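To start, the structure itself, in structure tokens.
2 protein chains.
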Amino acid sequence: MAKTSNEELLLSGALSAWTTNIERADKLLFSLTPEQLGKEIAPGKNRLIYLWGHLTAVHDLMLPLLGLGPRLHAELDEPFLTKADKVVANLPSAEAIKKDWNEVNGKLRDGFAKFSVADWLQKHASVSAEDFAKEPHRNRFAILLSRTNHLSYHLGQAVIRDK
Amino acid sequence: MAKTSNEELLLSGALSAWTTNIERADKLLFSLTPEQLGKEIAPGKNRLIYLWGHLTAVHDLMLPLLGLGPRLHAELDEPFLTKADKVVANLPSAEAIKKDWNEVNGKLRDGFAKFSVADWLQKHASVSAEDFAKEPHRNRFAILLSRTNHLSYHLGQAVIRDK
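In structure tokens, the structure reads:
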């Protein structure tokens, strides 16, 4: 068995953290009924369905940001990203969000599987080549880490809900 | 200027994510009065002071886990780790927790600054040498990532509180 390089070990640790958090989210969100998803995490706060749509929109945005192709569900931006919860009257159903969530995370997973360490260290799409030359930490790997943390952040909120 | 290696870029990304989250926590927690810290994040849920003590205990445990020395505040385990919130009657004061928090995170920061990539890829203290030979991902770097996510998770909860 070839020895795994240091850079591969570091990368696989970060990919594993992403996958673990996706699996935690799946386990939690798939277990909830549409009625439970319609509840606020705390009085006056976001509903679980909003958090789920928000995470799906943010993960969908990762596709172009990481150079993995165009958005799949830009229609999620208005209800779940640019507008606050309870502003847009007709949200997509839980079933529709689940379908989008799985689709988006599946496409990310397939893209991640093809990225080498060098690919991860390329600039992400929101930074100019000029800025990236001075700030090499603004790479795709930083997006992976920050979106993993973003997912954890909202998972922490989702578990607060009353059972 | 020497070119930064891939492994150093990956590591610095993860260290930066840790630092960013510590700074977010500092900003939030230092801004709260003892009265605000005594409030529950949602009805019947943990109080902010409990989350803070819990995070401090978990970070303190990182010291021996990463080989950075003995615990500094094992006395935090009972009120904030092994027992649930509102079980232990007399919690340390907000001022005392803040002091411990800063001390523990400072010691982690100093330790992190001295770790090379190879140091981060050493086994952590809770895995045997035998298991680590088969499971090289059970390294110190995985602890860094998982504790960063843990911090994000509870930060997400802390911001829920009513202002």
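Order-wise, the sequence lines are chains A and B.
Okay, so the first sequence: first residue is 1 according to the numbering used here, each after it adds one.
Okay, so the second sequence: first residue is 1001 according to the numbering used here, each after it adds one.
Beta carbons: idealized from backbone N, C-alpha and C, even for Gly.
Only a predicted model underlies this, so the values are computations on that prediction, with no experimental measurement involved.
Consult DSSP for residue i and reduce its assignment to one of helix, strand or coil.
| i | result |
| --- | --- |
| lysine 1099(B) | helix |
| valine 1159(B) | coil |
| lysine 1114(B) | helix |
| proline 1064(B) | helix |
| serine 16(A) | helix |
| serine 1005(B) | coil |
| aspartate 85(A) | coil |
| proline 92(A) | coil |
| serine 1152(B) | helix |
| threonine 33(A) | coil |
| glycine 1069(B) | coil |
| serine 128(A) | coil |
Out of the options, which has the shortest C-alpha to C-alpha gap to residue i?
| i | options | result |
| --- | --- | --- |
| phenylalanine 1030(B) | Ala1118(B), Ile1097(B), Leu1076(B) | Ile1097(B) |
| aspartate 1085(B) | Lys1003(B), Leu1037(B), Ser1012(B) | Leu1037(B) |
| asparagine 139(A) | Leu66(A), Thr82(A), Ser116(A) | Leu66(A) |
| asparagine 6(A) | Tyr1153(B), Leu1151(B), His1137(B) | His1137(B) |
| proline 34(A) | Ile49(A), Ala25(A), Glu40(A), Ser116(A) | Ile49(A) |
| alanine 1125(B) | Asp1077(B), Phe1115(B), Leu1063(B), Asn1090(B) | Leu1063(B) |
| arginine 1047(B) | Ala1025(B), Phe1080(B), His1150(B) | Phe1080(B) |
| isoleucine 1143(B) | Leu1015(B), Glu1078(B), Pro1070(B) | Leu1015(B) |
| leucine 1108(B) | Glu1130(B), Val1088(B), Gln1157(B), Thr1148(B) | Thr1148(B) |
| glycine 106(A) | Leu11(A), His59(A), Ser146(A) | His59(A) |
| leucine 1055(B) | Leu1032(B), Ile1041(B), Ala1025(B), Glu1040(B) | Ala1025(B) |
| alanine 1017(B) | Leu145(A), Arg161(A), Ala89(A) | Leu145(A) |
| leucine 1061(B) | Asp1119(B), Glu1095(B), Glu1103(B) | Glu1103(B) |
| lysine 3(A) | Ser1152(B), Gln1157(B), His1150(B), Ala1133(B) | Ala1133(B) |
| isoleucine 1160(B) | Thr19(A), Ser116(A), Glu23(A), Ile41(A) | Ile41(A) |
| leucine 72(A) | Gln157(A), Ala57(A), Lys123(A), Ser116(A) | Ala57(A) |
| aspartate 100(A) | Glu75(A), Leu28(A), Ala118(A) | Glu75(A) |
| glutamate 1008(B) | Asp1119(B), Thr1082(B), Lys1123(B) | Asp1119(B) |
| alanine 94(A) | Tyr153(A), Glu23(A), Lys39(A), Leu151(A) | Lys39(A) |
Could you round the C-beta distance between residue i and residue j to whole angstroms and report it? I think they count as a contact, below 8 Å.
| i | j | result |
| --- | --- | --- |
| phenylalanine 112(A) | glycine 1013(B) | Not quite, the Cβ-Cβ distance comes to about 15 Å (not below 8 Å), so this is no contact. |
| asparagine 1021(B) | leucine 1121(B) | Rounded, the Cβ-Cβ distance is 22 Å, inconsistent with contact. |
| proline 1092(B) | glycine 1053(B) | 7 Å |
| leucine 68(A) | leucine 1010(B) | So it is not a contact: roughly 19 Å between Cβ atoms. |
| alanine 158(A) | leucine 51(A) | 6 Å |
| serine 1116(B) | tyrosine 153(A) | Incorrect: roughly 30 Å between the Cβ atoms, too far for contact. |
What are the partner residues of residue i, as DSSP defines its beta bridges?
| i | result |
| --- | --- |
| asparagine 1139(B) | Lys1123(B) |
| arginine 1047(B) | Glu1040(B) |
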